[in-house]
Amino acid sequence: MSSPLSLSNWMVSQPDCIVAVSRTEALTSGMFVAKVSSWRRTLSQHAGRRWVVYHSNPYEFLAIIYALWYEQKLPCIPGDDRPATLKRLSHQVDGFIGELSNAIQPVDKCPFATERLYNWQALSPQQIAVELYTSGSSGTPKAIIKTLAQLDNEILSLQSQWPAQVGAVVLSTVSHQHLYGLIFRLLRPFCAGQPIYCDISEYTEDVYNVASTLDSFVLVSSPSHISRINTLLDWKLIAKQCVNIFSAAAPLEKADAVRLSGLLNAPLWEIYGSSETGVIAWRNQSKDTHSDLWQLLPSVTFTYAENEQVQVTSSFTEEGALTMLNDHIDFHSQGRFALKGRLDTIVKIEGKRVSLTAIETLLMAHTWIKACKALVVTRKRSEIAIVLAFNTQGEQALMLQGRKSIINGLREFLSPDLESIVMPRRWRFVDALPYNPQGKLPLASLEKIVDKAPVLKWPIVKSLERVENTLTIQCHIPPEIRYFNGHFDNTPILPGVVQVHWAHKLAKAHFAELNHFYRLEVIKFSQVIQPNENVEIQLTFNSLKQQVTFSFQSEKGIHSSGRICFE
Numbered sequence: 001m002s003s004p005l006s007l008s009n010w011m012v013s014q015p016d017c018i019v020a021v022s023r024t025e026a027l028t029s030g031m032f033v034a035k036v037s038s039w040r041r042t043l044s045q046h047a048g049r050r051w052v053v054y055h056s057n058p059y060e061f062l063a064i065i066y067a068l069w070y071e072q073k074l075p076c077i078p079g080d081d082r083p084a085t086l087k088r089l090s091h092q093v094d095g096f097i098g099e100l101s102n103a104i105q106p107v108d109k110c111p112f113a114t115e116r117l118y119n120w121q122a123l124s125p126q127q128i129a130v131e132l133y134t135s136g137s138s139g140t141p142k143a144i145i146k147t148l149a150q151l152d153n154e155i156l157s158l159q160s161q162w163p164a165q166v167g168a169v170v171l172s173t174v175s176h177q178h179l180y181g182l183i184f185r186l187l188r189p190f191c192a193g194q195p196i197y198c199d200i201s202e203y204t205e206d207v208y209n210v211a212s213t214l215d216s217f218v219l220v221s222s223p224s225h226i227s228r229i230n231t232l233l234d235w236k237l238i239a240k241q242c243v244n245i246f247s248a249a250a251p252l253e254k255a256d257a258v259r260l261s262g263l264l265n266a267p268l269w270e271i272y273g274s275s276e277t278g279v280i281a282w283r284n285q286s287k288d289t290h291s292d293l294w295q296l297l298p299s300v301t302f303t304y305a306e307n308e309q310v311q312v313t314s315s316f317t318e319e320g321a322l323t324m325l326n327d328h329i330d331f332h333s334q335g336r337f338a339l340k341g342r343l344d345t346i347v348k349i350e351g352k353r354v355s356l357t358a359i360e361t362l363l364m365a366h367t368w369i370k371a372c373k374a375l376v377v378t379r380k381r382s383e384i385a386i387v388l389a390f391n392t393q394g395e396q397a398l399m400l401q402g403r404k405s406i407i408n409g410l411r412e413f414l415s416p417d418l419e420s421i422v423m424p425r426r427w428r429f430v431d432a433l434p435y436n437p438q439g440k441l442p443l444a445s446l447e448k449i450v451d452k453a454p455v456l457k458w459p460i461v462k463s464l465e466r467v468e469n470t471l472t473i474q475c476h477i478p479p480e481i482r483y484f485n486g487h488f489d490n491t492p493i494l495p496g497v498v499q500v501h502w503a504h505k506l507a508k509a510h511f512a513e514l515n516h517f518y519r520l521e522v523i524k525f526s527q528v529i530q531p532n533e534n535v536e537i538q539l540t541f542n543s544l545k546q547q548v549t550f551s552f553q554s555e556k557g558i559h560s561s562g563r564i565c566f567e
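Reminder that position 62 of the sequence shown reads as 62 in UniProt numbering, one-by-one numbering, no gaps.
Take a look at the structure:
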């Protein structure tokens, strides 16, 4: 294993390599040094030590960081560039730099003009490298300080665990404004000789399109992106180029991990840690393993503290600092352990103690539920609310049984384990939990969902009858159907595409012989459907032709009709 260059000595060594690549060019180490020099000259004309840094381009971001280091200034890194975030920091810093409206601007139009102005010396490993502001899933952002030595130690430990393939381009769906992205997307590749791709891949289609132009790549991602991978893309065309996949921020569902690892024919390494601790452990879930245990990094140790808390010690954390985990750890042999939920999710409802994690675990055992999160909301009293996403089976049940029936069923499912006083009172059904780009579940996003009135995706089924291959459904179209929103404001009507969508989903739920969707034929929309109408939906399946004809009709006559063809 070749050791990575240290952040402290990189400018002294100045390796001959490609630092970053964009859609149009490869950015060399010489170009990077010139860029750092340009930013140094700019910063030398401004007083003040503490500077907020925000830039979406990791190459530009890192050049600014190095310039700040060499000018003996401190990079203060926020997790986002929202006005409230910047306003909160404005009282704690001396200036702003990067892609911000009030940021200082570079003085050099041509960075190469300043390339040879500076004699580069090694930085002190004890120099404070960054002050990160992170809020996790809730609360006001707090400052986390990292020295160059701590960052270098973490990079060295990662290189020991996963030796970098020099030249493999690092693609990322996560931002470098947070520690996971900062280390895995930016600093570790930079020190190990792996080019950094300048644009973030917001969607899996972006990953696919960029990777198809590369000889080899590493993917740095998160559960929120991996769970939404587009399986319709022909991933085998780029699978041979993928070296490694990394995921952090939350544990992956095994099915999601196995699926992406299979699509890209590469190992997927899940990372467990925090901004305070750095990387703690890893795991690799594959279809051939039945264990969900995590493995400690060799340089990390656990120590039991009070109240079941675990203290983390490593060379990535501040010496002498007591860094505690809020996760319940179930120890196994040889540095392995299982995560058993958060320790800080015990709440009191009407004087009764209950674990939100325990409620989530109970619900996840239900065959309909793909993901869920429990939280406490306070109105006239404190209540437990559930935000959940259904799997395909659950969506079909919701479509046919309706919201009220589903909620009653879920409460009945929980009743053997929960007293009525702590039973969830508020339920919100979503397509996916509101993870942010860093893979976190912000409490504010969950509360916003709960605060809104429930929206409906399906009509209310009054009766359903199947005679051979014909299905007849009598239903009511309530005004709470979300597709009425904005279509149109003064005269809401049910979009035609929604009617086709309902017909397709109902057909798939009731005619098991159907294959994949192929095309639509003879689609007609004759009359609009408005809120509070009673509608009959009729579906007829032709098994020989793999076709379903549908119609929506009421006492007004035919509203729509057509034919859905399957392969």
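The beta-carbon is built from N, C-alpha and C at its ideal position, and this holds for glycine as well.
Taking C-beta atoms as the reference points, Ile-369 and Phe-390 count as a pair closer than 8 Å. In the DSSP secondary-structure assignment, Arg-188 is not bridged to any residue. Ranked by how close their Cα comes to the Cα of Leu-268, the residues Val-279, Glu-276, Arg-283 and Thr-277 have Arg-283 in first place. By the C-beta criterion, the stretch 90–99 is judged not to be in contact with the stretch 237–249, since fewer than 3 inter-stretch pairs fall below 8 Å. Judged by DSSP in its simplified three-state form, Gly-409 adopts helix. Its chain contains Pro-78, Gly-79, Thr-85, Arg-88, Tyr-133, Thr-134 and Ser-135 as the residues whose beta carbon lies nearer than 8 Å to that of Pro-141, once the 5 sequence neighbours on both sides are disregarded; these appear in chain order. In terms of CA proximity to Arg-342, Ala-358 leads the group Arg-353, Ala-358 and Ser-221. Within the stretch 432–514, the runs of beta strand (DSSP E) at least 3 residues long that lie entirely inside it are, in chain order, 460–467 and 470–477. The C-alpha of Phe-61 lies about 48 Å from the C-alpha of Val-422. Taking 8 Å as the upper bound for CB-CB distance, Arg-466 and Glu-521 are not in contact here, some 23 Å apart. Here Arg-381 is exposed: its Cβ has fewer than 16 other Cβ atoms, across all protein chains shown, within 10 Å.
Linking Ala-385 to His-366 through their CA atoms gives a straight-line distance of about 17 Å. The Cβ-Cβ distance between Pro-58 and Leu-68 does not fall below 8 Å. A direct Cα-to-Cα measurement between Ala-512 and Gly-273 gives close to 44 Å. Taking 4 residues as the minimum length, the stretch 275–353 contains no alpha helix (DSSP H) run wholly inside it. Our two residues, Gly-278 and Phe-184, have alpha carbons roughly 11 Å apart in a direct line. Out of Pro-478, Tyr-435 and Leu-441, the CA that lies nearest to the CA of Pro-454 is found in Pro-478. The DSSP-derived three-state label of Val-258 is helix. In terms of Cα proximity to Ile-558, the closest of Val-218, Trp-120, Pro-298 and Glu-536 is Glu-536.
Per the C-alpha coordinates, the member of Ser-101, Lys-556, Ala-192 and Val-312 positioned closest to Leu-296 is Val-312. In the DSSP annotation of this structure, the continuous segment of the alpha helix (DSSP H) that includes Lys-35 starts and ends at 29–43. When DSSP reads this structure, Ser-355 sits in a beta bridge with Ile-346. By the criterion of a C-beta distance shorter than 6 Å, Lys-545 is surrounded by no residue of its chain, once the five residues flanking it on both sides are discounted. Apart from the 5 residues on each side of it in sequence, Ser-227 sits with its Cβ closer than 6 Å to the Cβ of Asp-256 in its chain, given in chain order. Secondary structure at Leu-74: strand, using DSSP grouped into helix, strand and coil. The Cβ neighbour count for Met-364, taken over all protein chains shown within 10 Å, is under 16; the residue is labelled exposed. DSSP lists no bridge partner for Trp-10. When C-beta atoms of the stretch 455–462 are compared with those of the stretch 391–402, three or more pairs fall below 8 Å, so the two segments count as touching. In the structure shown, Thr-549 adopts extended strand secondary structure according to DSSP, grouped into three states. Going by beta carbons, Tyr-203 and Val-170 fall outside the 8 Å limit.
For Leu-117, no beta strand (DSSP E) segment is defined, and its DSSP state is neither H nor E.
Distances from the CA of Gln-538 to each of Glu-567, Lys-505, Asn-244 and Phe-517 were compared; the closest alpha carbon is that of Lys-505. Here Cys-17 really is in contact with Gly-193; their C-beta atoms are around 5 Å apart, less than 8 Å.
Proximity to Asn-534 across Leu-156, His-178 and Val-461 peaks at Val-461, based on C-alpha coordinates. DSSP places Lys-404 within a helical segment (H, G or I) once states are collapsed to three. If only uninterrupted beta strand (DSSP E) runs of at least 3 residues are considered, those enclosed by the stretch 136–168 are 142–147.
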